[in-house]
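In full-length UniProt numbering, the protein residues as written are 1 to 413.
Okay, structure first, notes after.
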């Protein structure tokens, strides 16, 4: 047997690498590594943000992300769990993002309440100054929640009055659920008219809703802290003469840790930390010329300052208090003329002023081609002295209550 095997080996030719059979064996023993690597490359996933973020400290990731808009951030929640937690649950991150958004003109948005709907302009408010049209998203209210009218806003959260005892909160930027606060009761006071104002109290690191009975002689103020189920009363409201009345939209204006209401010839200010009241004077030149104005009816907040406008027969004067609490810091910012095409009119509310002094305001006037006077939004270019009426209002067939808010990630609950 061994001899036969030896003879067989002698007879078989030796295979060389140059022979066809040798080359075939070579291919079998040494597979094509180029092809294998190509297959592996196809199977291997491409680098993603999730993979890359593992090499970046989360603090640095947060520092980058907080500079993005709310719309961009909501899209990035699906990147990984740590990003989702940062964007959705980290209150410090939400506050920093809000602080940066407040100083960014492209993060301010317009909100309208009309009949039983909330209308939210999807584009930033700065778009209104350069374009006549804008896209709106609509939030419908359930039946029985369409009354009320007035809206206040703080930190991107909107506070809407349903009726005298009920108020609703929500954040349109993150499409939060509607939150209805516990009912407020005013026993044995007859007819009441309640003004609700949403504020942020940094001394307790929480939001509050301030409720003032504007018609009662007692001027009772109640406070609700979000997350609780009760209201508490702040006693000893600053006495207001019977001949005086609260003016304007009657919501308080939240500025510099205080809530402010306009009275006939002065401003009542509630200090949130001390829960005490003080009087603020009107601009000195205005106090001596009140008779020259047809009326003045709105306190507001513009460029972070307390603002006030006075309507004359042909114009409205706009003032701001540059240093809160200092009566001498009142400064006339602009004089807003009326268009001759409007006839008799007045400025109801100054909503926003851009960096180049374009003014978005709500006016009440008889517009061309319309039979009845209406409330409408108008853009006034103070440099070119021109007016523009945004086209999106044609879709609104009922009265509206406008408000400007800053987009944020902060939830009302």
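Ideal placement from N, C-alpha and C gives every residue a C-beta, glycine not left out.
query	result
Could you have a look at residue 236 and say whether DSSP puts it in helix, strand or coil?	coil
Could you compute how far the alpha carbon of residue 180 sits from the alpha carbon of residue 166?	7 Å
Under 8 Å: do the stretch 377 to 387 and the stretch 345 to 360 share three or more Cβ pairs, one atom per stretch?	yes
Using a Cβ-Cβ cut-off of 7 Å (strictly less than) and excluding sequence neighbours within five positions of residue 183, which residues of its own chain qualify?	165, 166
Measuring alpha carbon to alpha carbon, tell me which residue in 306, 389, 226 is nearest residue 257.	306
In this structure, what does DSSP give as the bridge partners for residue 392?	Its beta-bridge partners do not exist; DSSP assigns none.
Can you pull the DSSP bridge partners for residue 331?	320
Around the C-beta of residue 352, are 16 or more other C-beta atoms found within 10 angstroms, so that it is buried, or is it exposed?	buried
Grab me the residues of residue 259's own chain with a C-beta within less than 8 Å of its C-beta, minus the 5 sequence neighbours each way, in chain order.	197, 199, 210, 252, 253, 269, 270, 272
How far does the beta strand (DSSP E) with residue 63 in it reach, from first residue to last?	Element bounds for residue 63: not the beta strand (DSSP E) but the alpha helix (DSSP H), 58 to 65.
Is it buried or exposed, residue 308, if we count other Cβ atoms within 10 angstroms and call 16 or more buried?	buried
What's the C-alpha gap between residue 113 and residue 396?	10 Å
Please report the distance separating the alpha-carbon of residue 228 from that of residue 208.	10 Å
If we call anything under 8 Å between Cβ atoms a contact, is residue 76 one with residue 87?	yes
Among all the DSSP beta bridges, which residues are the ones paired with residue 386?	381
Thinking C-beta only, is residue 97 closer than 8 Å to residue 339?	no
Does the distance from the CB of residue 281 to the CB of residue 266 come in under 8 Å?	yes
With 16 other CB atoms within 10 Å as the buried threshold, where does residue 416 fall?	In the structure as shown, the chain starts at 1 and stops at 413, and residue 416 therefore has no counterpart that could be examined.
Specify the secondary structure class of residue 301 as computed by DSSP and reduced to three states.	strand
Pick out whichever of 324, 129, 195 has its Cα sitting closest to the Cα of residue 389.	129
Quick one: Cα of residue 411 to Cα of residue 226, how far?	11 Å
What are the start and end residues of the beta strand (DSSP E) that includes residue 258?	258 to 262
Skipping 5 residues on each side, what residues in its chain have a beta carbon closer than 8 Å to that of residue 404?	108, 109, 110, 111, 125, 153, 351, 352, 360
DSSP three-state call for residue 130: helix, strand or coil?	coil
Could you pull the start and end residues of the beta strand (DSSP E) that residue 152 belongs to?	151 to 154
According to DSSP, is residue 87 part of a helix, a strand, or is it coil?	helix
How should residue 341 be labelled, buried or exposed, when 16 other C-beta atoms within 10 angstroms of its C-beta is the threshold for buried?	exposed
Among the residues of its own chain, which have a CB less than 8 Å from the CB of residue 159, if the five just before and after it don't count?	151, 152, 153, 167, 168, 169, 196, 197, 198, 209
Return the CA-CA distance between residue 349 and residue 400, expressed in angstroms with no decimal places.	12 Å
Return the residue from the list 393, 68, 94 that minimises the CA-CA distance to residue 171.	94
Give every residue of the same chain whose Cβ lies closer than 6 Å to the Cβ of residue 102, excluding the five residues on either side of it in the sequence, and list them in chain order.	406
Cα separation between residue 58 and residue 83?	9 Å
So, is residue 120 buried or exposed, given that buried needs 16 or more other C-beta atoms within 10 angstroms?	buried
Only counting the same chain, and skipping five residues up and downstream in sequence, which positions put a Cβ closer than 6 Å to that of residue 278?	269
Below 8 Å on the Cβ atoms is my guess for residue 320 versus residue 335; work out the distance and round it to an integer in Å.	13 Å between Cβ atoms; not a contact.
Among 202, 79, 123, which has the Cα closest to the Cα of residue 173?	123
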